[in-house]
Amino acid sequence: MFKITPFQNHPNNFFCNKSIDQKYQCLSWKLLLIPISIITILYAFLLLNHVVKDVQYIQFQKNWFLFLNKKLSYLDDFQLNITQFGDAFIFLSCLSVLIKSSPRLWKSLFFTLIFGGIFSKILKECFKIPRPAEYFGTKSFVIVGCENFGFSSLPSGHSITVFSILTVLFFSFLPKPNNKKILYVLGLSLFGLLVALSRVAVGAHYPLDTIFGGLIGIVCGIIGILVSNKVNIPFSVNSIKNQWILLSLLFVSTIIILFKFSEEQLFVYFICLTCLFYAIYGFFKNICS
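Below you can see the structure in the form of structure tokens.
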């Protein structure tokens, strides 16, 4: 289905964006050493302290979890909105405004989210850590929004998603001036941290779940970009047929968000709708011109 070829050999490809592609081509597999090393060190620390199994793992961070959950849950409306960005569908809906201007980004996001989903599923099945509501019940801490039960706490899937997407955004739009670069890095880091902490605030995860999730997300983001450099997906935006396919996907996404908004009037859904309408307008303008 896919041809493994050097991406730069396909200048007419829909996913070709010279500026972003040049940044991607500079990346190396060696970048993975940083997040993987941190994950290894953290896991080794847990092993040495005999807190890898579910009960020990939870008790090790119980006080930390209860403290953060109590303090952060005061801003319940904010936490309920910001935590939605850990949902890939919500985050990608907000990024729909970049489909036309930065299509190369979407190729990397495609592979990034595939790897993120695979890693999340496998690791959750391996560790089977009970979620806070499953272990403590629902009365001993604050739950914002829906209650999350089950044995899928480690790692946090929302943290994997948000940090994997932010990693792709980081390498896609990193500015050259150092002063802007610092602000850009701090902005993305703060946003990712807020989303990760929101998982503790709403009572869905323990702190270490989000830390491991964030690091795994960075790994997935880097892998997604590196794989996208090698895999060509022939899809021309100049094709009217393909433009209508993309437009149809945007319409379906809009309908789904409208249903979500009708059930729960979160501000983040309004942001999604605004971005989707803008993207739809851009495609209609392009098709009709």
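Just add 5 to the spot in the sequence shown (first one is 1) and you have the working numbering. Idealized CB from N, CA, C, for every residue including glycine.
Membership of His210 in any alpha helix (DSSP H) is not indicated, and neither H nor E is assigned to it by DSSP. Contact check for Leu220 against Ile44 passes: the beta carbons are separated by less than 7 Å. Here Cys277 is buried. Its C-beta has 16 or more other C-beta atoms within 10 Å. Boundaries of the alpha helix (DSSP H) around Lys75: 67-77.
Taking all protein chains shown into account, Trp249 has fewer than 16 neighbouring C-beta atoms within 10 Å of its C-beta and is therefore exposed. Proximity of the region 111-130 to the region 164-171 meets the contact definition, three or more beta-carbon pairs being nearer than 8 Å. Taking 7 Å as the cut-off, the Cβ atoms of Pro160 and Leu128 count as close. Sorting Phe272, Leu251, Ser258 by C-alpha distance to the C-alpha of Gly287 places Leu251 at the top.
Look at Asn237 here: in three-state DSSP terms it is strand. Runs of the beta strand (DSSP E) spanning 3 or more residues and lying entirely within the region 132-160 do not occur at all.
The beta carbons of Pro135 and Phe156 sit closer together than 7 Å. Each residue's CA atom was taken as its position, placing Glu139 and Phe154 some 5 Å apart. For the region 227-288, not one full-length beta strand (DSSP E) segment reaches 3 residues or more.
By the Cβ test, the region 97-106 is in contact with the region 255-268, since at least three Cβ pairs between them sit closer than 8 Å. For Asn86, the three-state secondary structure derived from DSSP is helix.
With respect to Ser113, Val173 sits close: the two C-beta atoms are nearer than 7 Å.
About 5 Å separates the beta carbons of Leu110 and Ser177, which is inside the 8 Å limit, making them a contact pair. Take the alpha-carbon of Asn183 and the one of Val190: they are about 10 Å apart. In the DSSP annotation of this structure, the continuous segment of the alpha helix (DSSP H) that includes His163 starts and ends at 162-178. For Ser98, the enclosing alpha helix (DSSP H) covers residues 93-99. Separation of the CB atoms of Trp34 and Leu179 is rounded to 19 Å, and the pair is thereby denied contact status at 8 Å. Going by DSSP, Leu32 is part of no alpha helix (DSSP H) at all; its letter is neither H nor E. A distance below 8 Å between beta-carbons, with the five flanking residues on each side excluded, links Ala284 to the following residues of its chain, in chain order: Ser101, Val102, Ile104, Lys105, Leu255.
Counting the other Cβ atoms within 10 Å of the Cβ of Leu52 gives fewer than 16, which makes it exposed. Residues of the same chain with a CB within less than 7 Å of the CB of Thr143, apart from the 5 flanking positions on each side, are Glu152 in chain order. Proximity to Leu271 across Asn234, Ser233, Gln89 peaks at Gln89, based on C-alpha coordinates.
About 17 Å separates the Cβ atoms of His163 and Asp81, ruling out a contact at the 8 Å cut-off. DSSP places Ile46 in the uninterrupted alpha helix (DSSP H) bounded by 38-53.
Here Tyr62 is buried: its Cβ has 16 or more other Cβ atoms, across all protein chains shown, within 10 Å.
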